[in-house]
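Q:
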Amino acid sequence: MREKEKAVVVFSGGQDSTTCLLWALKQFDEVETVTFNYNQRHHKEIEVAQSVAEKLGVKNTVLDMSLLNQLAPNALTRDDINIEQKEGELPTTFVDGRNHLFFSFAAIYGKQISARHIITGVCETDFSGYPDCRDVFVKSLNVTLNLSMDYNFVFHTPLMWLDKAETWELADKLDGLEFVRRETLTCYNGIIADGCGECPACELRRNGLENYKARKEG
Ligand SMILES: [Zn+2]
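Each residue of the sequence shown is one higher than the one before, counting from 1279 in this note's numbering.
#1: If you drop the 5 nearest sequence neighbours on each side, which residues of the same chain put their C-beta closer than 8 Å to that of LEU1341?
#2: I need the boundaries of the alpha helix (DSSP H) containing ILE1397, first residue and last residue.
#3: Just to check, is the beta-carbon of CYS1480 closer than 8 Å to a non-hydrogen atom of ligand 1?
#4: Once you ignore the five residues that flank LYS1333 on each side, which residues in its own chain have a CB closer than 6 Å to its CB?
#5: What residue does the alpha helix (DSSP H) around GLU1325 start on, and which one ends it?
#6: Put GLU1308 into one of helix, strand or coil per three-state DSSP.
#7: Are the CB atoms of LEU1437 and VAL1400 within a distance shorter than 9 Å?
#8: Near ALA1350, which residues of its chain fall below 6 Å by C-beta distance, leaving aside the five closest residues on each side in sequence?
#9: Is there at least one non-hydrogen atom of ligand 1 closer than 8 Å to the beta-carbon of ASN1420?
#10: Where in the stretch 1409-1439 do unbroken runs of the alpha helix (DSSP H), each at least 4 residues long, occur, reported from the N-terminal end onward?
#11: Can you give the Cα-Cα distance for ILE1391 and LEU1455, rounded to whole angstroms?
#12: When burial is assigned at 16 or more other CB atoms within 10 Å of the CB, is VAL1421 buried or exposed?
#13: Return yes when at least one heavy atom of ligand 1 lies under 8 Å from the C-beta of GLU1444, else no.
#14: Using 8 Å as the cut-off, classify the Cβ of ASN1467 as near or not near the heavy atoms of ligand 1, replying yes or no.
Printed below as a string of structure tokens:
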């Protein structure tokens, strides 16, 4: 009998990480999720992550990363910083080192529970230029973490080369399109499901869904 393969999903309760969780549940024998609390503007994000994990019958662990806000003030945590992107610059939602730290902590947690598979929903296709969403960064960190703990982690990025329409398609293939649509939170204004409809995150999510539906019908 082969050994049980355990996995940890880096989980925010949004569309992307929920799709990754559905993907992981089909691939691995045991799946857990970790969610990072870094004093997000919308504390709701943590509640949504916990509720989605519970509905899918998966353990969720919330890790305190409030030091991130202390290190790098940003528009995701501070009301006095607006969400915007100036020409040729990273958007104000970018937080230096966020994925680097999150993935490292997820891996440390994973090793404690004998999980070697780490899954994240980062993506190069629709990304706003975040350097730590790049495939090369994830691969590089994977090697570094293996060396740092003398352990063979395998990072999985099922959404890396998908656009938002294809991410909806993947959720649909995993029989989770309606679940993802109804239960997840992507909106920068903290509104679940279809969201406020106005912020950049809602726009990206809605355009993706409309494009996917158009492709499916066409
Ligand atoms: Zn919104």
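Using N, Cα and C, we set each Cβ at its ideal position, and we do this for glycine too.
A: On the basis of the coordinates in this document:
#1: The residue given as residue 1341 occupies position 63 in the sequence shown. Closer than 8 Å at the Cβ level, and outside the excluded window around LEU1341, lie VAL1312, THR1313, PHE1314, ASN1315, PHE1383, TYR1387.
#2: Sequence index remark: in the sequence shown, residue 1397 carries index 119 (1-based). The continuous stretches of alpha helix (DSSP H) do not include ILE1397, which lies in the beta strand (DSSP E) extending over residues 1395-1397.
#3: Within the sequence shown, numbered from 1, the residue matching residue 1480 stands at position 202. Answer for CYS1480: yes, Cβ within range of ligand 1.
#4: Working through the sequence shown from its first residue, we reach residue 1333 at position 55. Leaving aside the five residues that flank LYS1333 on each side, none in its chain has a CB nearer than 6 Å to its CB.
#5: Stepping through the sequence shown from its first residue, residue 1325 is reached at position 47. Here the alpha helix (DSSP H) through GLU1325 covers 1322-1333.
#6: Counted from its first residue, the sequence shown places residue 1308 at position 30. Correct three-state label for GLU1308: strand.
#7: Taking the sequence shown and counting its residues from 1, the one referred to as residue 1400 is at position 122. Taking the sequence shown and counting its residues from 1, the one referred to as residue 1437 is at position 159. Yes; because the gap between Cβ atoms is below 9 Å, this pair is in contact.
#8: Taking the first residue of the sequence shown as position 1, residue 1350 is located at position 72. Excluding positions up to five away in sequence, the list reads VAL1373, ASP1374.
#9: Your numbering for residue 1420 matches position 142 in the sequence shown. Answer for ASN1420: no, Cβ out of range of ligand 1.
#10: For the stretch 1409-1439, whole alpha helix (DSSP H) runs of length 4 or above, ordered along the chain, are 1413-1427.
#11: By one-based count along the sequence shown, residue 1391 stands at place 113. By one-based count along the sequence shown, residue 1455 stands at place 177. Looking at the two C-alpha atoms, the distance is approximately 30 Å.
#12: Locating residue 1421 in the sequence shown gives position 143, counting from the first residue. Its Cβ having fewer than 16 others within 10 Å, VAL1421 is exposed.
#13: Reading the sequence shown from its first residue, position 166 is the one you call residue 1444. Proximity of the beta carbon of GLU1444 to ligand 1 is not indicated: no heavy atom of the ligand is located closer than 8 Å.
#14: Stepping through the sequence shown from its first residue, residue 1467 is reached at position 189. Flag set: Cβ of ASN1467 near ligand 1.
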